[in-house]
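For what it's worth, the UniProt record's numbering labels the leading residue of the sequence shown as 1, then goes sequentially. Remarks on the structure that follows.
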Amino acid sequence: MDHPHLAANWSDVRRRVDEACRAAGRDPAEVDILPVSKTFGPELIRAGVALGMRRFGENKVQEIRDKSAPLADCGIDWVMIGHLQTNKAKDVARLASEVQSLDRLDLAEALDRRLQHEGRGIDVLVQVKTSIEPSKYGLPPEQLADFLNALRGYHGLRVRGLMTLAIHSVDADEVRACFRLLRELRDRSMLQGHDIPRLSMGMSGDFGLAIAEGATEVRIGTAIFGQRSYPDSHYWPEAGA
Ligand SMILES: *Cc1c(COP(=O)(O)O)cnc(C)c1O
């Protein structure tokens, strides 16, 4: 089946990311795009693979489970970006190549145990709460230093960087402050000896600001795959209506 809009969206997003890089004086090769395929089925994802996409971000373990079987021939790297319950660690350790939503020690512990069992290691990003919104998941910034030190004890987890969701606001300064905070936390952690260069920040509506603040990776759903038929509150239950 043909997905002409997908090819057009994909080239449009890549062009806009390149433009944002140039506007920020950055090399476009420094910024990856992580296509976020949540709610979309295997057929559309397969069309994305044909266009050169290889990593896909998903918000729910169940969706990775459902999609990875029919797409087993595609060589996809599944990236977990949503809130993760500790009792789902087993499936994640089996199916995901990376977790960007690591935000607490009991999850690190459970994931590491399952990974040891599978005999594998995965890349992880620590999700930090950078906004004052009461609802967003993520580690409070003041706990980051201790958390990173504690993660050194888990050998199945290769800590590569930080991830955040910015505040949902029409005020660009507020959004940008979230991204800036994540970059500053990254820089400080690097000085403390943690090799965590990656910054996963920015989505369809705010990736330009994230790139200006140093994103090394933007997570793009809607602008690539189109509007989702579920509201975001379905994925971020804490976000309310
Ligand atoms: C859905 C989602 C995205 C992508 O959002 P869009 O606005 O559709 O680009 C990025 N990050 C996370 C954690 C998400 O859940």
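For each residue, glycine too, the CB sits at the ideal point set by N, CA and C. Please read all numbers here as calculations on a predicted model, not as lab measurements.
By the DSSP assignment, the beta strand (DSSP E) with residue i in it spans what residues?
| i | result |
| --- | --- |
| residue 302 | No answer is possible for residue 302: it lies beyond the span of the chain, which begins at 1 and ends at 241. |
| PHE45 | Contrary to the premise, residue 45 reads as Ile rather than Phe in this sequence. Not the beta strand (DSSP E): ILE45 falls in the alpha helix (DSSP H), residues 42-50. |
| SER101 | 98-102 |
| LEU77 | At residue 77 the sequence reads Asp, which differs from the Leu that was named. Run containing ASP77: 77-80, per the beta strand (DSSP E) assignment. |
| LEU34 | 32-35 |
| ARG55 | 55-58 |
CB-CB under 6 Å to residue i, same chain, minus the five flanking residues each way: which ones, in chain order?
| i | result |
| --- | --- |
| CYS74 | VAL49 |
| GLU98 | VAL79, ILE122, ASP123 |
| ASP32 | GLU217 |
| PRO4 | none |
| ALA96 | TRP78, MET80 |
Go through its chain and collect everything with a Cβ distance to residue i's Cβ below 7 Å, but skip five positions before and after it.
| i | result |
| --- | --- |
| GLU63 | LYS38 |
| SER169 | VAL175 |
| ASP106 | THR86 |
| PRO42 | LYS67, PRO70, LEU71 |
Using a Cβ-Cβ cut-off of 8 Å (strictly less than) and excluding sequence neighbours within five positions of residue i, which residues of its own chain qualify?
| i | result |
| --- | --- |
| HIS117 | ALA93 |
Just checking my contact of residue i with residue j at CB under 8 Å: how many whole Å lie between their CB atoms?
| i | j | result |
| --- | --- | --- |
| LEU144 | SER101 | In fact, because the Cβ distance is near 15 Å, the residues do not count as touching under 8 Å. |
Flag residue i as yes if its beta-carbon sits less than 8 Å from any beta-carbon of chain D, otherwise no.
| i | result |
| --- | --- |
| LEU182 | This model lacks chain D altogether; it includes just one protein chain. |
For the alpha helix (DSSP H) containing residue i, name the first residue and the last one.
| i | result |
| --- | --- |
| ARG113 | 105-118 |
Please enumerate, following chain order, all residues with a beta carbon closer than 5 Å to at least one heavy atom belonging to ligand 1. VAL36, ASN59, ILE81, MET203, SER204, ARG219, ILE220, GLY221, THR222
Where in the segment 138-226 do unbroken runs of the beta strand (DSSP E), each at least 3 residues long, occur, reported from the N-terminal end onward? 157-163, 198-200, 217-220
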